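Those protein sequence lines, which keep their order, are chains A and B. Going letter by letter, the first sequence gives residues 1 to 238 in the UniProt record's numbering. Going letter by letter, the second sequence gives residues 1 to 238 in the UniProt record's numbering. No residue lacks a Cβ here, since even glycine has one placed at the ideal position from N, Cα and C. All values reported here derive from a predicted model rather than from experimental measurement. Below: the structure, in C-alpha cells.
There are 2 protein chains.
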Amino acid sequence: MPPGTSDVVPSAVASQRVADSLRELILSGQLMAGTRIRQEDIAIQLGASRLPVREALRILESEGLTTLKANSGAWVSRVDLEECRAIYKIRERVEPLALQESIPHLTARDHAELDRIQDEIENVTDVETFLVLDRELHRLTYSACQIDLLLSMVQRFWNTTQHYRRAYSTITRHERQWVINAEHRLLIDAMKRRDIEDAERVLIGHIRRTRHELEQHPELFEHPHRVDDQGYPSTRNL
Amino acid sequence: MPPGTSDVVPSAVASQRVADSLRELILSGQLMAGTRIRQEDIAIQLGASRLPVREALRILESEGLTTLKANSGAWVSRVDLEECRAIYKIRERVEPLALQESIPHLTARDHAELDRIQDEIENVTDVETFLVLDRELHRLTYSACQIDLLLSMVQRFWNTTQHYRRAYSTITRHERQWVINAEHRLLIDAMKRRDIEDAERVLIGHIRRTRHELEQHPELFEHPHRVDDQGYPSTRNL
DNA sequence: TGTTTAATGGATGGATCCAATCACCGATGC
DNA sequence: GCATCGGTGATTGGATCCATCCATTAAACA
Chain A
1 MPPGTSDVVP SAVASQRVAD SLRELILSGQ LMAGTRIRQE DIAIQLGASR
51 LPVREALRIL ESEGLTTLKA NSGAWVSRVD LEECRAIYKI RERVEPLALQ
101 ESIPHLTARD HAELDRIQDE IENVTDVETF LVLDRELHRL TYSACQIDLL
151 LSMVQRFWNT TQHYRRAYST ITRHERQWVI NAEHRLLIDA MKRRDIEDAE
201 RVLIGHIRRT RHELEQHPEL FEHPHRVDDQ GYPSTRNL
Chain B
1 MPPGTSDVVP SAVASQRVAD SLRELILSGQ LMAGTRIRQE DIAIQLGASR
51 LPVREALRIL ESEGLTTLKA NSGAWVSRVD LEECRAIYKI RERVEPLALQ
101 ESIPHLTARD HAELDRIQDE IENVTDVETF LVLDRELHRL TYSACQIDLL
151 LSMVQRFWNT TQHYRRAYST ITRHERQWVI NAEHRLLIDA MKRRDIEDAE
201 RVLIGHIRRT RHELEQHPEL FEHPHRVDDQ GYPSTRNL
C-alpha cells in the first residue's frame, strides 16, 4: 500500500503504527513544520518503545515528512519557497502522466463522481473541507492509473506541501476560487471526452498557476510564530 | 547528500555505513535482484549489530533497492518488466525537467567534458565501462540542475534499473550502439546551442526508444538462474 | 493418498540497557 | 568585554536479550 494511506485497521507492526500516527499528526497540522520530535516523547505518547519510533521517523523521512540529523534529532520537515517551487515544477511533469495513464480506465461512474465533488467544492465555505475535497478530486482523476510508483510519488508531493496549500487557501481562496472551479470543470470535461492531450494541458496550467500564485506569497514560508523548535538543521539529507 | 553517492570517507553513523556498503554490493551486481538478505548475515559480514542493518534496510527500501516484508525478511528489489516500463515512462517526464533546469547553468567546460565522454563511449568495448560512462554523461547533463530533490529522484531511478541496463547492454549494445551515439551527439549539440526544447525532445526520444527496446526483451526479466531466494514477497510496499 | 492440522525451527520485531555524540553553559584567559 | 575552552546534561545511536511471527515439515486423519 502506498504511504500516506490511512489504514482503517491499525497495522500489526509497531513501526508502521507509529508512522501512521505521526503522519496523521503532521498532515492534520497538529505537528507544525519545524517542530522538533523527541523520540522518547513520542514513544511514551504512543505507548511504544523508542525503537519503533526511530524506524517510524526513518519511514516518514523517506516520505519527506520528517528530517533527521545524526546525533541531533528529528524535525517535521520544513519546506522553503524554493523547494516548494521545485515540487510544483516536478508535479507539472509527473501528474500529467498519472492523468494520461488514468483517463482510459475511468468509467462513467467516476465522471459522475468528479462532477459531484466539484459541485460540493463550489458550495463549500470551510477551508479545511475544501482542502479535503480538492485533494479527493485530483486523487480520483489519477485513481485508475496503474503505476503504483507514480501514485505514491504524487501522494508524497501532496503530503509535503499540505501545510502550504492550507495556508495559501486560507488567504486567497475566496477571490481566486472561480479560477480553480473553471480549471476543474475544464479538466473534467476533457476527461469525459477522453482527450488526454487537452486534459494534460489543463492540468499543467492548473498546477503552474498555483505555483506562480504561491511564488507571490513568500510570507507563507517565513518561519511562523513558533519558538520551541530549538535550532533547525541546515543540512537537508534528501 | 543524495542517496547513492558513494562516500569517500565512511560515515560515522553505522546505519549509513551499512547502507552504503549494501548499496555498493547491490549496484555492482554482487547481490543479485531477488536474493534474500538476512539481517544477521550482513551484521556479521560488516562487523556491526543487527540494529544498524535493520535501519540500513529501511534506508535502502526508501531508495527502492530493497523490499521488506514484516516478520518475513528483506530482499534485493526485483523489478519486473511492468515496473521497469513504468520507471522509464516517469523518466521520460522527469529527466527533461532536470535537463531544462541544468542547461542554462552549464559552462563551456562542461560541454567539452561531454564531448570527451562521448568520444570515450564511442571507443569503448567493455560493457561495464560503457555503463559507467553512459551514466556519467547523463549525470553531467543534469549536474547544473539546482533542484536536489529532482536529482535524487533521477538517481534513484537509475539505481533501481541498473541491473537491467547492464543485462540489456550486454545483449544488444553492439548492433544498436550507433543509435545511442547519434542521440548523445544530438543531445550535446542542442545543449551547446542552449536549445532547451530541442534537447528535451532528443532526451525524451532517447529514453523512450530504450523503453521500447527493453519491452522487446522480456526475457531479461525472467527469474534468473538462482535458487537460494526462498520465496519472493508478492506485496510490494511502495 | 491427499489434505489439513499441529509442532518446531529460524528469522524478524520490540524492549531495555549502555555508550557516544552534541549542545548548552559557565569559567577562565586574553 | 569578548572569545575560547572545558564540563555537564540531555538525546540519540548501538548492542544484547526476549517475544512474536511465519514457513516449513511432519504427522494424523479423512
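Item to check | residue 66 (chain A): first and last residue of the uninterrupted beta strand (DSSP E) it sits in | outcome: As a working mapping, residue 66 (chain A) is identified with position 66 in the first sequence. Taken as a continuous stretch (DSSP letters only), the beta strand (DSSP E) holding residue 66 (chain A) covers 66-69.
Next on the checklist: By the three-class DSSP mapping on this structure, what secondary structure does residue 37 (chain A) have?
Outcome noted: The sequence position of residue 37 (chain A) within the first sequence is 37, counting from 1. Here DSSP, grouped into helix, strand and coil, assigns residue 37 (chain A) to strand.
Next on the checklist: Just verifying my parser: in three-state terms, what is the DSSP assignment at residue 74 (chain A)?
Outcome noted: In the first sequence, residue 74 (chain A) corresponds to position 74, counting from 1. Secondary structure of residue 74 (chain A) (DSSP, three-state): strand.
Next on the checklist: DSSP three-state label for residue 32 (chain A), please.
Outcome noted: Numbered from 1 along the first sequence, position 32 holds the residue referred to as residue 32 (chain A). In the structure shown, residue 32 (chain A) sits in coil (DSSP, three-state: anything other than H, G, I, E or B).
Next on the checklist: Quick check on residue 29 (chain B): buried or exposed, where buried means 16 or more other Cβ atoms within 10 Å of its Cβ?
Outcome noted: Taking the first residue of the second sequence as 1, we reach residue 29 (chain B) at position 29. When all chains shown are included, residue 29 (chain B) counts as exposed.
Item to check | Pair within 8 angstroms by beta-carbon distance, residue 211 (chain A) and residue 103 (chain A) | outcome: For the purposes of this step, residue 211 (chain A) is taken as the residue at position 211 of the first sequence. For the purposes of this step, residue 103 (chain A) is taken as the residue at position 103 of the first sequence. In this structure, residue 103 (chain A) does not lie closer than 8 angstroms to residue 211 (chain A) by Cβ.
Next on the checklist: Do residue 140 (chain A) and residue 113 (chain A) count as a contact pair if the criterion is CB distance below 8 angstroms?
Outcome noted: Within the first sequence, residue 113 (chain A) is the residue found at index 113, counting from 1. Within the first sequence, residue 140 (chain A) is the residue found at index 140, counting from 1. Closer than 8 angstroms, so yes.
Item to check | Which of helix, strand or coil DSSP assigns to residue 222 (chain B) | outcome: Working through the second sequence from its first residue, we reach residue 222 (chain B) at position 222. Three-state result, residue 222 (chain B): coil.
Checklist entry - Using the rule of at least 16 other Cβ atoms within 10 Å of the residue's Cβ for burial, across every protein chain shown, is residue 96 (chain B) buried or exposed? => result Here residue 96 (chain B) refers to the residue found at position 96 of the second sequence. It counts as buried.
Checklist entry - In chain order, which alpha helix (DSSP H) runs of at least 4 residues are fully inside the segment 141-176 of chain B? => result Within the segment 141-176 of chain B, the complete alpha helix (DSSP H) runs of at least 4 residues are 148-160.
Item to check | Contact with chain A by residue 37 (chain B), beta-carbon distance below 8 angstroms | outcome: Reading the second sequence from its first residue, position 37 is the one you call residue 37 (chain B). For residue 37 (chain B), no Cβ of chain A is located within less than 8 angstroms of the residue's own Cβ.
Item to check | CB contact below 8 angstroms: residue 219 (chain A) versus chain B | outcome: As a first step, residue 219 (chain A) is located in the first sequence; it is residue number 219 there, counting from the start. Not closer than 8 angstroms to any Cβ of chain B, the Cβ of residue 219 (chain A) fails to qualify, so no.
Item to check | Under 8 angstroms by beta carbon: chain A residues contacting residue 69 (chain B) | outcome: Along the second sequence, read from residue 1 onward, the residue named residue 69 (chain B) stands at position 69. Those within 8 angstroms of residue 69 (chain B) in chain A number zero; the least Cβ separation is about 10 angstroms.
Next on the checklist: Once the 5 residues before and after residue 19 (chain A) are set aside, which same chain residues still bring their CB inside 7 angstroms of it?
Outcome noted: Position 19 of the first sequence, counted from the first residue, corresponds to residue 19 (chain A). The answer, listed in chain order, is 56, 59, 60.
Checklist entry - Are the C-beta of residue 40 (chain B) and some C-beta of chain A separated by less than 8 angstroms? => result As a position in the second sequence, residue 40 (chain B) is number 40, starting the count at 1. Answer no: the Cβ-Cβ gap between residue 40 (chain B) and chain A never drops below 8 angstroms.
Item to check | Reduced DSSP secondary structure (H/G/I, E/B, other) of residue 106 (chain B) | outcome: Position 106 of the second sequence holds residue 106 (chain B). Reduced to three states, the DSSP call for residue 106 (chain B) is coil.
Checklist entry - Residue range of the alpha helix (DSSP H) that residue 125 (chain B) falls in? => result Position 125 of the second sequence holds residue 125 (chain B). Residue 125 (chain B) -> no alpha helix (DSSP H), and no H or E assigned at all.
Next on the checklist: In this structure, how does DSSP classify residue 15 (chain A) when only helix, strand and coil are distinguished?
Outcome noted: Walking along the first sequence from the start, residue 15 (chain A) turns up at place 15. If DSSP states are grouped into helix, strand and coil, residue 15 (chain A) belongs with the helices.
Checklist entry - In three-state terms, what does DSSP make of residue 95 (chain B)? => result Position 95 of the second sequence, counted from the first residue, corresponds to residue 95 (chain B). Under the three-state reduction of DSSP output, residue 95 (chain B) falls in the helix class.
Item to check | Residue range of the alpha helix (DSSP H) that includes residue 62 (chain B) | outcome: In the second sequence, residue 62 (chain B) corresponds to position 62, counting from 1. That run of the alpha helix (DSSP H) goes 50-62.
Next on the checklist: For the alpha helix (DSSP H) containing residue 212 (chain B), name the first residue and the last one.
Outcome noted: Numbered from its first residue, the second sequence carries residue 212 (chain B) at position 212. Counting along the chain, the unbroken alpha helix (DSSP H) around residue 212 (chain B) starts and ends at 196-215.
Next on the checklist: Counting C-beta neighbours from all protein chains within 10 Å, is the total for residue 64 (chain A) 16 or more, i.e. buried, or is it exposed?
Outcome noted: Mapped onto the first sequence, residue 64 (chain A) falls at position 64. Flag for residue 64 (chain A) reads buried.
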